[in-house]
Amino acid sequence: MPKAAANANWRTSPPSLLMPVAAPTILADGTEVTAHCANTGPMTGVCQVGAPVRIRHDPAPHRKLAWTWEQIQVRGDGGQPEWVGINTALPNRLLEQAIRQGRMDAQLGACTTIRREVTYGSRKKSRIDLLLDGGERPVYVEIKNTTWSRGPVALFPDTETTRGQKHLQELMDVLPTARAVLLLCISRSDCHSFAPGDRADPRYGELFRMARTAGVEVYAPRFAHRLDGVDWCGLATVLERQPEEPTPGE
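Following UniProt numbering, the numbering of the sequence shown begins with 1 at its first residue and continues without gaps.
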């Protein structure tokens, strides 16, 4: 994050989860403010009214709201408090910086240029998050923020996503003339593996496995969110499916 966040508490549920929303929050000194929420999904497993949150003050003439919702605290794996990054605008910046720092050279190779939001596809109507050049083939990188978890396993998506399904198909379409990479940005430090969220979107799970078989590379970088920044935690293990959960009493 470019600036430190402030501690607060989420007061009430946002009015809609179908578009960027405003989240009423209460600062530590009791002041009530309204923060912009960039996450348009249901945020399964992390939305709890009254939970501690961190919001960033970033007033600007073009902004309707001077605060942005960055993190929420949940009960993490093992029962310990865990801060989760829910600002969907942040993962692209985090991963671009990680790539520039060479943290993923072993997976992606060294690159000479990184371009953002480049149009691609047969009809040039899609935009890839990052396009890396400098190797034998260009590398198309699609990034997804991942906040949902079951135990130590991070899951994506947390709801049906036809847009996400389309992105997987488009990644397959650039093969073999280019490399296709899906980066699942795990925005919490208590997850050590990733699996597709078949229970939320079975079709996405099918396409995920199809894409890997076709040659799409999948990596799951982990990050720990602090009050004044974000730490790189390495890569999680990528699974084909979510492990079966034991039934109560077993």
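The C-beta atom is built at its ideal place from N, Cα and C for all residues, glycine as well.
* To do: Could you give the DSSP three-state label for residue 205: helix, strand or coil?
  => Residue mapping note: residue 205 aligns to position 205 of the sequence shown, counting from 1. Helix.
* Asked: Would DSSP call residue 125 helix, strand or coil?
  -> Position 125 of the sequence shown, counted from the start, is the residue given in the question as residue 125. The three-state reading of DSSP puts residue 125 in coil, since its state is none of H, G, I, E or B.
* What number of angstroms, rounded off, separates the C-alpha of residue 95 from the C-alpha of residue 74? -> For the purposes of this step, residue 95 is identified with residue 95 of the sequence shown, where counting begins at 1. For the purposes of this step, residue 74 is identified with residue 74 of the sequence shown, where counting begins at 1. A straight line joining the alpha-carbon of residue 95 with that of residue 74 spans about 23 angstroms.
* Alpha carbon of residue 226 to alpha carbon of residue 147, nearest angstrom -> Your numbering for residue 226 matches position 226 in the sequence shown. Your numbering for residue 147 matches position 147 in the sequence shown. Cα to Cα, the separation comes out at about 15 angstroms.
* Asked: Going by beta carbon distance, what residues of the same chain come within less than 6 angstroms of residue 258, once the five residues before and after it are set aside?
  -> In the structure as shown, the chain starts at 1 and stops at 250, and residue 258 therefore has no counterpart that could be examined.
* **Pairwise C-alpha distance: residue 195 and residue 80** => Position 80 of the sequence shown, counted from the start, is the residue given in the question as residue 80. Position 195 of the sequence shown, counted from the start, is the residue given in the question as residue 195. Rounded to whole angstroms, residue 80 to residue 195 spans 22 angstroms at the Cα level.
* Asked: By Cβ distance, which residues of its chain are closer than 8 angstroms to residue 207, with the 5 residues on each side in sequence left out?
  -> Sequence index remark: in the sequence shown, residue 207 carries index 207 (1-based). Cβ within range, chain order: 165, 168 and 169.
* **Proximal residues to residue 60 (C-beta, below 6 angstroms), its chain only, five neighbours per side dropped** => Taking the first residue of the sequence shown as 1, we reach residue 60 at position 60. Cβ neighbours of residue 60 beyond the five flanking positions: none.
* Measuring CA to CA, which of 180, 159, 163 and 38 is closest to residue 284? -> Any property of residue 284 remains undetermined from this structure, which presents the chain solely from 1 to 250.
* When the distance is taken between beta carbons, is residue 55 closer than 9 angstroms to residue 38? -> Residue mapping note: residue 38 aligns to position 38 of the sequence shown, counting from 1. Residue mapping note: residue 55 aligns to position 55 of the sequence shown, counting from 1. Contact: no.
* CB of residue 197 within 9 angstroms of CB of residue 243, strictly -> For the purposes of this step, residue 197 is taken as residue 197 along the sequence shown, with counting starting at 1. For the purposes of this step, residue 243 is taken as residue 243 along the sequence shown, with counting starting at 1. The answer is no: Cβ separation not under 9 angstroms.
* Leaving out five residues before and five after residue 78 in sequence, what residues of the same chain have Cβ atoms less than 6 angstroms from its Cβ? -> As a first step, residue 78 is located in the sequence shown; it is residue number 78 there, counting from the start. Taken in chain order, the list of residues that qualify is empty.
* For residue 115, I'd like the list of residues in its chain whose CB is within less than 6 angstroms of its CB, leaving aside the five on either flank, ordered along the chain. => What you label residue 115 is simply residue 115 of the sequence shown in a count that begins at 1. Once the five neighbours on either side are set aside, the close Cβ partners of residue 115 are 131.
* Any chance the CB of residue 202 is under 8 angstroms from a heavy atom of the ligand PLP? -> For the ligand PLP, the structure offers nothing, since it holds no ligand at all.
* In terms of residues, what are the limits of the beta strand (DSSP E) holding residue 242? -> By 1-based counting over the sequence shown, the position of residue 242 is 242. Taken as a continuous stretch (DSSP letters only), residue 242 belongs to no beta strand (DSSP E), as it is neither H nor E.
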